[in-house]
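Take a look at the structure below.
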Amino acid sequence: MASILPASNRSMISDKNTYAGKRFVHVKNPYLDTMDEDILYHLDLGTKTHNLPAMFGDVKFVCVGGSPNRMKAFAVFMHKELGLKGGEEDIKDICAGTDRYCMFKTGPVLSISHGMGIPSISIMLHELIKLLHHARCCDVTIIRIGTSGGIGIAPGSVVITDTAVDSFFKPRFEQVILDNIVTRSTELDKELAEELFNCSKEIPNIPTLMGHTMCTYDFYEGQGRLDGALCSFSREKKLDYLKRAYKAGVRNIEMESTVFAAMCGLCGLKAAVVCVTLLDRLNCDQINLSHDILVEYQQRPQLLISNFIKKQLRLRDQML
Ligand SMILES: O=P(O)(O)O[C@@H]1C[C@H](O)[C@@H](CO)O1
Ligand SMILES: O=c1cc[nH]c(=O)[nH]1
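Residue numbers (UniProt numbering): 1 to 320.
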């Protein structure tokens with residue numbers, strides 16, 4: 001594991017990579033220490049080309065989501081909510097040199113898009129975690145704000161994930177490394193999920209619940225949809241699967257939570273997943289919401305997270 005501390009200080013690091021009460025982001029790769037330069041290719045950033053501690057050292061909250069527009073909208077919203085100087089035009093895409101991901105920073109909040117699915121978010125997370133490590137960030141909370149399909153709950157409900165599970169309803173993420181399958185835990189920060197749930201009680205008219213989130217490798221067959229280009233199962237089999245998922249505690253389905261939980265957990269980031277549901281999969285497969293409703297639903301997790309961040313910052317100020 002690479003360390004940002006001089007060797008003489010390493011005995012002061014606890015198991016959780018804390019130092020003098022601070023929780024640092026850690027990487028678990030001995031080769032990183034031996035590299036003269038680290039190019040974060042898909043973010044268009046690097047340790048020699050950018051002063052990462054100066055650019056990102058104050059980051060305390062990282063919010064990620066699939067869509068670039070949603071993550072830009074979230075950064076603009078946070079900027080206003082935090083009462084920071086300057087307007088929307090000042091919030092620029094830090095990764096503009098690449099069209100793989102978008103990244104916006106406002107005060108201590110970083111907002112990044114990750115595209116769709118496990119491979120896409122995984123590449124982004126490798127580079128983001130290295131970025132936070134190189135920038136010497138500490139006490140970082142990371143939250144995925146996404147969309148999902150609900151099971152047995154009203155569309156527009158917000159699900160705070162207590163456990164991310166795979167398609168077999170198991171709390172694990174299987175990563176193929178060389179020709180081995182490595183199984184990693186998908187445990188999320190329970191305290192953070194509880195805090196978010198308590199925060200949601202202060203926001204009227206947005207039904208919010210805690211439940212398991214199932215993460216799949218595909219939107220269509222992988223989520224038991226009958227409306228893809230391919231479908232090899234019956235309506236009865238689909239409903240039987242989704243009802244078994246519900247019985248196992250699954251309340252929504254998306255495509256990133258297991259790898260997100262696994263990677264953030266291994267690297268010392270406090271992580272949560274908060275997704276709005278766009279439909280009830282027990283009733284339908286197609287998303288037929290109007291544009292306005294879709295936009296409003298996507299703002300629901302943003303509203304909750306912005307309230308949470310403001311609360312945390314107020315608490316921190318009181319403690320200083
Ligand atoms: O964060 P988003 O809304 O992209 O999350 C879900 C899971 C997939 O990436 C995508 C499928 O529509 O939405
Ligand atoms: O049904 C849905 C809706 C959004 N995202 C998903 O992964 N599934």
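Cβ coordinates follow ideal geometry from the N, Cα and C atoms, glycine included.
Computed from a predicted model, the values in this text were never measured in an experiment.
Residues near residue i by beta carbon distance below 7 angstroms, same chain, minus five either side
i    : result
L84  : T106 and G107
D189 : K270, A271 and A272
N205 : none
G224 : K238, Y241 and L242
E127 : L40, H42 and L43
Residue of the options minimising C-alpha distance to residue i
i    : options                   : result
M124 : P68, K238, F308 and I287  : P68
E37  : V259, T147, K130 and E191 : K130
M214 : R184, H126, S232 and F168 : F168
Y217 : M35, F173, N288 and H42   : F173
L110 : A154, F197, G249 and M78  : M78
K170 : E187, A154, I181 and S290 : E187
T98  : D44, K48 and G87          : D44
Cβ neighbours of residue i in the same chain (closer than 6 angstroms, five flanking residues each side left out)
i    : result
A135 : L52, P53, F56 and G57
Y246 : I151 and G152
I309 : F61
R281 : G149, I151 and L242
Anticipated Cβ contact below 8 angstroms, residue i with residue j, distance rounded
i    : j    : result
I253 : G149 : 5 angstroms
C275 : T147 : 6 angstroms
C199 : L304 : 6 angstroms
H42  : R100 : 4 angstroms
S257 : T161 : 6 angstroms
Close-in-space but distant-in-sequence residues of the same chain around residue i (CB under 8 angstroms, 5 per side omitted)
i    : result
L230 : Y220 and E221
M319 : none
I266 : The residue you asked about is not Ile; residue 266 is Leu in the sequence shown. So the qualifying residues of the chain are K28 and R184.
S232 : E221
Distance between residue j and residue i (C-alpha atoms, nearest Å)
i    : j    : result
Q175 : V259 : 9 angstroms
R298 : V59  : Per the sequence presented here, residue 298 reads as Gln, with Arg not at that position. Using only the alpha carbons, I get a separation of about 24 angstroms.
K28  : D285 : 40 angstroms
V159 : G66  : 16 angstroms
G152 : E296 : 21 angstroms
P119 : M255 : 10 angstroms
Y31  : C137 : 20 angstroms
L5   : L242 : At L5, the pLDDT of 32 sits below 50, so the modelled position is not reliable; the number obtained from the coordinates is stated separately. Whole-angstrom Cα-Cα distance: 49 angstroms.
G268 : H133 : 11 angstroms
I145 : E202 : 18 angstroms
H291 : E195 : 31 angstroms
Exposed unless 16 or more other CB atoms sit within 10 angstroms - verdict on residue i
i    : result
S234 : exposed
I293 : exposed
L278 : buried
G35  : Checking the sequence, you will find Met at residue 35 rather than Gly. Burial call: exposed.
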